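Heads up: the structure comes next, in structure tokens.
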Amino acid sequence: MVDDLYQEIIIDHSKRPRNCHAMADANRKAEGYNPLCGDELKLYIKIENDIVKDVSWVGTGCAISTASASLMTESVKGKSRQEALKLLEKFHEQLTTDTPVTQELGKLVVFCGVRDYPARVKCATLAWHTLKSALTNSGEPVVSTE
Amino acid sequence: MSMIASVISAAFDVDKIREDFPVLKQRIHGKPLVYLDSAATAQKPFAVIDAIRKFHEVDCANIHRGVHELSQRSTAAYEETRIKAKRFLNARAKNELIFVRGTTEGINLVASSWGRKNVKAGDEIVISTLEHHSNIVPWQMLCEEKGARLRVIPVDDRGELLLEEYEKLLGPRTRMVAVGHVSNALGTINPVRQIVEMAHRAGALALIDGAQAAPHMKIDVQALDADFYAFSGHKVIGPTGIGILYGKAKLLNAMPPYQGGGDMIKSVTFEKTIYADLPYKFEAGTPNIAGGIGLGAAFDYITSIGLDKIAAYEHELLVYGTEALSRIPGLRIIGTAREKAAVLSFVIDGIHPHDIGTVLDRQGIAVRTGHHCAQPVMDRFGVPATTRASLAFYNTFAEIDALAAGLAKVKEIFS
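See below:
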């Protein structure tokens, strides 16, 4: 049922997104865009000694993409760059493959419901793709989930 | 339901019609399918499915070139559709009907063939804010290539074109006015007769994008005096990959071919190729024969019901749907033109269209969400996207009730 997708924590974060503001002293930035939905977000990160000291975002999108951005920022704050990238990999794997759902994701596990909604996977991963771009400085200033 | 609505709907046997559309009988996520996305593509009746099947099972052969029986049968069936298209649009002659892949190719054909020959630096092409991307981008490409200028007719808050602004855009540099008959994103029915007349007075030609009009109202290209009129088969309950471009014969005759290849020639030598006469000059290569034959069956089906009856019934659905949606707090209908086709585009405060679409889908209700390939329309109304329920003659009043109930569920989840 659709309630599996829109779990309480997702609704909560979509209505009251956390870390949703610009950051003046960020030293990493990236922009994400999903041309199909029009979803867009700007990500701000402050990295010190390879640790994500602070992270914030601004943007517009559906409940899934908003909650995903909100929960992503909560999850990676305080992690090392490597840890954050590893979490990203795990998150992506859990949403896009049939691997059994593990608890390694912590509260991010609520997004596993997206598996049954292929058209919505992009909504849940936009913030994470943008995170990857910001952390790896892959040279593409704007990432797209298309 | 109002008294008038019940009288019309009683005369219109929608239950019987629905029996002809096999796709509508299924359940989606355990709920009866409520298909409200006919502006994207319309569902197909058995008559169309069977015609395509019969072609492949019984008559399959290439057209226009074989002397054998099957080729003659397939040629006759395919060319019969051209005659039906002539009647469908009330064109003067069957050689004014060109088979294309769809509306998009029809517009590209004109922009490419007519445009390259006739548009020069400093010339102007006029389109409107309401256009689908397929009636924007081909003209933009032409303007870029030629150094011409694209001018855009604005709309008011209802989604109606501002004709006094259109008048101001017209001038000696205007070469072409290309507008949609009905807006896919909002449902606005544009006053195309008047738009064409104004274009002609300025010495320009007029192309009408009829993709959203052809399934819903009688079209008479002679009464409209349109120079070109394009529509897609799949939106008039025919197959995908086939459509019709109407053009006045004298214009088509003066235009160079769009693509070169087989079937569009009289003779070929390495020194000189002599092109075929209309309409074949514009029909290079083996066409979508099955699609063309299926489209013929679609014309027959629609004609048998009658576009006047279809338009009247769909209008009652629109009125009923508009009332039903207007009762939902926080819902705003985008596009409230006085003349409107059965399109309900809307936004709900604080709920993104994609979330609305997903929750409705789980209740078996198919709607379109997004910018509907009309981003300038979304920009004009200050929304990134809308949810669009688009209706066809096989929809019912009960399905609109289902949509309203589905939206109540949406609001419950996101409240």
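Top line first, the protein sequences correspond to chains A and E.
Just so we're aligned: the first sequence equals residues 0 to 145 in numbering that gives the first Met the number 0.
Just so we're aligned: the second sequence equals residues 0 to 414 in numbering that gives the first Met the number 0.
Glycine residues also receive a C-beta, built at the ideal position from the N, C-alpha and C atoms.
Just so it is clear, the structure is predicted and the values come from calculations on it, not from any experiment.
How is residue i classed by DSSP in three states: helix, strand or coil?
i, result
"E/S414", "coil"
"E/F378", "It should be pointed out that residue 378 of chain E corresponds to Asp in this sequence rather than to Phe. Three-state DSSP puts E/D378 in a helix."
"A/M71", "helix"
"E/L169", "coil"
"A/V124", "It is Thr, not Val, that sits at residue 124 of chain A in the sequence shown. Of the three classes helix, strand and coil, the one that applies to A/T124 here is helix, per DSSP."
"E/H31", "Checking the sequence, you will find Pro at residue 31 of chain E rather than His. Reduced to three states, the DSSP call for E/P31 is strand."
"E/F281", "helix"
"E/V151", "strand"
"E/E144", "helix"
"A/N26", "coil"
"A/L35", "coil"
"E/T102", "helix"
"E/Y257", "coil"
"E/G405", "helix"
"E/H370", "coil"
"E/K217", "coil"
"E/Y319", "helix"
"E/I347", "strand"
"E/S266", "strand"
"A/K129", "Looking at the sequence provided, one finds Thr at residue 129 of chain A rather than Lys. Helix at A/T129."
"A/D2", "helix"
"E/A41", "coil"
"A/Y43", "strand"
"E/L96", "strand"
"E/I364", "strand"
What first and last residue would you give for the beta strand (DSSP E) that runs through residue i?
i, result
"A/K52", "I50 to T59"
"E/V125", "E123 to S127"
"E/S70", "That residue, E/S70, is in no beta strand (DSSP E); its alpha helix (DSSP H) goes E68 to L88."
"A/S13", "Run containing A/S13: none in the beta strand (DSSP E); it sits in the alpha helix (DSSP H), E7 to K14."
"E/T187", "Looking at the DSSP string, E/T187 is not in any beta strand (DSSP E), and its letter there is neither H nor E."
"E/R157", "No beta strand (DSSP E) holds E/R157; DSSP gives it neither H nor E."
"E/G246", "G242 to G246"
"E/T272", "T272 to Y274"
"E/D208", "L204 to D208"
"E/R64", "Element bounds for E/R64: n/a, residue is neither H nor E."
"E/F230", "F227 to S231"
"E/I332", "L330 to I332"
"E/A388", "T385 to S389"
Rounded C-beta distance between residue i and residue j? I'm assuming under 8 Å.
i, j, result
"A/L87", "A/K131", "6 Å"
"A/V51", "A/A29", "Wrong, their Cβ atoms sit about 13 Å apart, outside the cutoff."
"E/A229", "E/I106", "6 Å"
"E/E164", "E/T187", "At roughly 15 Å, the Cβ-Cβ gap does not stay under 8 Å, so E/E164 and E/T187 are not in contact."
"E/A201", "E/I124", "Rounded, the Cβ-Cβ distance is 12 Å, inconsistent with contact."
"E/N183", "E/H131", "5 Å"
"E/K247", "E/E95", "7 Å"
"E/Y257", "E/L108", "5 Å"
"E/L161", "E/P153", "5 Å"
"E/G363", "E/R26", "7 Å"
"E/H28", "A/A62", "No, E/H28 and A/A62 are not in contact; Cβ-Cβ is about 19 Å, not under 8 Å."
"A/M22", "A/D49", "With a Cβ gap of about 18 Å, A/M22 and A/D49 do not count as contacting."
"E/I126", "E/W113", "Not quite, the Cβ-Cβ distance comes to about 15 Å (not below 8 Å), so this is no contact."
For the alpha helix (DSSP H) containing residue i, name the first residue and the last one.
i, result
"A/L86", "R80 to T95"
"E/G295", "I288 to I304"
"E/D360", "P352 to D360"
"E/K116", "G114 to N117"
"E/R17", "V13 to E18"
"E/R200", "V191 to R200"
"E/R52", "F45 to K53"
Three or more C-beta pairs under 8 Å: does that hold for the region 293-302 of chain E against the region 37-55 of chain E? yes
Taking Cβ-Cβ distances below 9 Å as the criterion, which residues of the region 360-385 of chain E are in contact with chain A? D360, R361, Q362, T368, G369, H370, Q374, M377, P383 and A384
On the three-pair Cβ rule with 8 Å, is the region 319-339 of chain E touching the region 357-367 of chain E? no
Which residues of the region 336-350 of chain E have a Cβ closer than 7 Å to any Cβ of chain A? Give them in chain order. none
Would you be able to state if there are at least three C-beta pairs under 8 Å between the region 58-77 of chain E and the region 209-226 of chain E? no
For the region 113-137 of chain A, which residues have a CB atom closer than 9 Å to at least one CB atom of chain E, in sequence order? Y116, A118, R119 and C122
Closer than 8 Å is the cut-off here; do at least three beta carbon pairs connect the region 190-201 of chain E with the region 17-36 of chain E? no
Taking only beta carbons into account, state which residues of the region 6-38 of chain A come closer than 9 Å to chain E, listed in chain order. I10, S13, K14, L35, C36, G37 and D38
Say whether the region 296-310 of chain E touches the region 271-279 of chain E, bearing in mind that this needs 3 or more beta-carbon pairs closer than 8 Å, one atom from each stretch. no
Interfacial residues, the region 52-81 of chain A to chain E, with Cβ spacing under 9 Å: T59, G60, C61, A62, I63, S64 and T65
Taking 8 Å as the threshold, find out whether the region 238-246 of chain E comes into contact with the region 99-113 of chain E through three or more Cβ pairs. yes
Taking 8 Å as the threshold, find out whether the region 311-325 of chain E comes into contact with the region 335-350 of chain E through three or more Cβ pairs. yes
Touching by the beta-carbon criterion (3+ pairs, under 8 Å), the region 400-411 of chain E and the region 374-385 of chain E: no
Decide yes or no for the touch test of the region 382-396 of chain E against the region 91-107 of chain A: beta carbon pairs closer than 8 Å, at least 3 of them. no
If contact is defined by three or more beta carbon pairs under 8 Å, each pair taking one atom from either stretch, is the region 219-229 of chain E in contact with the region 71-79 of chain E? no
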